[in-house]
Every structure is written in C-alpha cells, then in structure tokens.
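Below is one structure; the comments refer to it alone.
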Amino acid sequence: CEDCGKSLIGECKLHGPLIRAKDRVIPSRARLTLPHYLSLRVLELRAGNEQILGVFAKRVIQKRTQFGPYVGQLSTKLTRYDESRLVLQVLKDGGKYFLDTPDEDCGNWMMFVRLARNQEEQTLVAYQHSGEVYFTTVKPIEPHTELKVWYAADYAKFMEASAVFIKEESDICPLPAVTTKEPVDPWICSSCRNAFATFALLESHQCINKDRV
C-alpha cells in the first residue's frame with residue numbers, strides 16, 4: 001500500500017481496495033473492417049454466449065459489386081468449422097490451403113457472411129482470383145437483406161463441391177421426360193461459349209473474368 005508504505009497480501013485493511021480502471025473494449029479486426037453500408041445482426045445465441053451473426057445491407061448494393069479479398073490464415077486443416085459458412089480454399093505456390101479464421105482477429109468481415117441454401121436467397125458468388133477469394137454480388141441487394149454466398153461454377157470444381165444447391169429429399173421432384181420434339185436449350189456464355197443448365201448459373205459465371213481460376 002502506497003499510503004501505508006507496506007507490502008501487503010490482499011487489500012489494505014486501513015485504506016481499502018484499489019479503484020480498478022479497466023481497458024477500453026475495442027471491436028475485433030473483423031468487425032472493424034465492415035463497410036459502413038453493411039451491418040452485423042445477431043441471429044441466434046447458442047450455448048456459451050456464442051453469437052450467430054449475419055451481414056445485412058443498409059442501402060441498395062448494385063449488381064457486380066466486388067468484396068474482398070477474404071482474409072484468413074493459410075492452413076492445411078481447419079481449426080474452426082461453422083456449418084453456416086462456406087469452406088474456402090486457395091492455390092498458393094502449388095499447394096491447396098484452407099482460409100482459416102479461428103477467431104475474429106484473424107479475418108475480415110467476410111467471415112461473417114453465411115452460405116446460401118438456395119438460389120433465391122443467394123446474393124453473392126465466391127471465386128478465386130490470383131490466389132485470393134472474392135465475393136461479388138449476382139443481383140442488386142435491397143436494404144435490410146442478408147448477404148449470402150455460394151460457390152461460382154469454376155470455384156466449385158476447384159473445391160470439389162457442387163455449384164448447384166442440394167435440396168432436401170422431400171423437396172426433390174422427378175424431372176419431366178425430355179422429348180426430341182421439345183429439346184431443352186442450354187444457356188450459352190457469349191464470351192467463352194460454355195454451356196450452363198440454368199440462367200442463374202450463367203449469371204454467376206459471368207461475374208468471373210476470364211483469367212480467374
């Protein structure tokens with residue numbers, strides 16, 4: 001105790017406890033990188049006060065708006081897996097690495113973007129370019145709409161994943177038989193002449209430049 005001039009174990013009985021001044025609480029790196037026209041919302045609170053967050057638009061975001069690159073630690077295995085987020089990998093120096101975000105100080109705001117469960121709720125497409133992962137809007141995003149992402153067709157191949165959303169078994173309906181009288185024409189990209197089964201897949205493909213992986 002400075003007032004008594006004595007070294008004590010615990011509080012000074014004469015002068016009482018010290019007044020503790022706490023450090024200022026600052027947001028994580030990931031939260032600080034969030035663009036001003038986006039917001040984070042708590043969607044769910046799990047055990048241990050774990051928050052499930054979503055990223056929402058504050059204003060209209062135009063189609064073909066690019067976000068990124070995605071920030072994460074290069075790792076040969078994931079230390080943190082979240083079923084609501086996309087697993088992302090990149091090609092670096094001939095090796096394939098995960099973009100790992102074990103905590104909010106190891107990544108940027110893009111780690112909070114949840115995966116899309118169907119084409120209707122998808123607003124972003126994820127792809128790799130020059131060893132980095134970017135998200136690009138596939139349609140205009142209205143205010144208060146959550147940003148949700150899925151793989152671009154080429155990146156899905158790289159990730160050994162499906163570029164098409166998988167529905168619940170109960171939602172799967174038999175496809176009508178295709179006759180020679182009514183052939184189903186594929187959607188053709190005017191730039192590279194690749195064929196796509198749906199217009200939505202063509203839209204996602206056209207968000208990617210020719211030199212992107």
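For the record, in the sequence shown the residue sitting at position 73 is 73 according to the UniProt record's numbering, with numbers rising by one throughout. Virtual Cβ for every residue (Gly too), placed ideally from N, Cα, C.
Take the Cβ of Q128 as the centre, count every other Cβ of all protein chains shown within 10 Å, and call the residue buried at 16 or more, exposed below.
The residue you call residue 128 lines up with position 128 of the sequence shown. That one is buried.
Beta-carbon proximity of L124 to L147, cut-off 7 Å:
Counted from its first residue, the sequence shown places residue 124 at position 124. Counted from its first residue, the sequence shown places residue 147 at position 147. In this structure, L147 lies closer than 7 Å to L124 by Cβ.
Kindly confirm or deny that the segment 62-74 and the segment 94-109 touch, where touching means at least three C-beta pairs closer than 8 Å.
yes
Between the Cα of K58 and the Cα atoms of L40, H144, A152, E160, which residue gives the shortest distance?
As a first step, residue 58 must be located in the sequence shown, where it is residue number 58. Comparing Cα positions, the closest option is H144.
Buried or exposed, going by whether 16 or more other CB atoms sit within 10 Å of the CB of V25?
Within the sequence shown, the letter at position 25 stands for residue 25. Answer is exposed; the Cβ neighbour count stays below 16.
Have a look at K22 and E104 and give me their C-alpha separation to the nearest angstrom.
By 1-based counting over the sequence shown, the position of residue 22 is 22. By 1-based counting over the sequence shown, the position of residue 104 is 104. Each residue's Cα considered, the two are about 22 Å apart.
Taking all protein chains shown into account, decide if I61 is buried (16 or more other Cβ within 10 angstroms of its Cβ) or exposed.
Counted from its first residue, the sequence shown places residue 61 at position 61. Flag for I61 reads buried.
With distances taken from CA atoms, which of A153, V133, Q119 is nearest L91?
In the sequence shown, counting from the first residue as 1, residue 91 sits at position 91. The shortest Cα separation from L91 among A153, V133, Q119 belongs to V133.
Would you mind stating whether F158 and G68 have Cβ atoms separated by less than 7 Å?
One-based indexing of the sequence shown puts residue 158 at position 158. One-based indexing of the sequence shown puts residue 68 at position 68. Cβ atoms of F158 and G68: not closer than 7 Å.
Can you say whether G10 is buried or exposed, counting buried as having 16 or more other CB atoms within 10 angstroms of its CB?
Within the sequence shown, residue 10 is the residue found at index 10, counting from 1. Looking at its Cβ environment, which holds fewer than 16 other Cβ atoms inside 10 Å, G10 is exposed.
Tell me, to the nearest whole angstrom, how far the beta carbon of L43 is from that of L34; I am working on the premise that it is less than 8 Å.
Sequence index remark: in the sequence shown, residue 43 carries index 43 (1-based). Sequence index remark: in the sequence shown, residue 34 carries index 34 (1-based). The pair is not a contact, with the Cβ atoms about 16 Å apart (cut-off 8 Å).
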